[in-house]
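Just remember that my numbering sits 3 ahead of the position in the sequence shown, which is counted from 1. All residues carry an ideal CB built from backbone N, CA and C; glycine is no exception. Here the structure is a predicted model, which is why all the values come from computation and not from measurement. Reading through the structure tokens given below for one structure.
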Amino acid sequence: MTTKLGDKIRALRKEQQMTLDTLATRAGMSKSYLWELENRPAPRPSAEKLNALADILGRPVAYFLEEDETTPEEVFMDEAFFRNFKNLEAAEKNMVRTIVDSFRKKQDG
């Protein structure tokens, strides 16, 4: 049985084409401990280990603690969207807001 934490670690590790051994070594933990984090309901890792994983995998610690179903790919796409949004001119931002508002109204019925 996997855990949400384990699913997130595994997905990011594979997305970055890292082996268990590589990530474990870089994070300063054993390969077997990392495997347990990915595959077994284990006690929460220490703050030190979680910080190391977050740094290496490029996500804030909070990402690993959240219980939602957001995939790493969705998080990456959202982050990219907001980076691009920040660089738009004011008129372009207003157009995007109008489009989003119209989608929301359509969903609300």
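Alpha carbon to alpha carbon, how far is E69 from S33? Give it in angstroms, no decimals. 24 Å
Can you name, in chain order, every residue of its own chain whose Cβ lies under 7 Å from the Cβ of F85, other than the five neighbours on each side? none
I'd like to check one pair, A30 with L53: are the Cβ atoms closer than 7 Å? no
Could you check the C-alpha separation between E95 and K108 for me, to the nearest Å? 20 Å
Quick check on G9: does DSSP put it in helix, strand or coil? helix
Cβ distance (whole Å) where Q20 is taken to contact L60 below 8 Å: At roughly 12 Å, the Cβ-Cβ gap does not stay under 8 Å, so Q20 and L60 are not in contact.
Please tell me whether E51 and G9 are closer than 7 Å, where the distance is taken between their beta carbons. no
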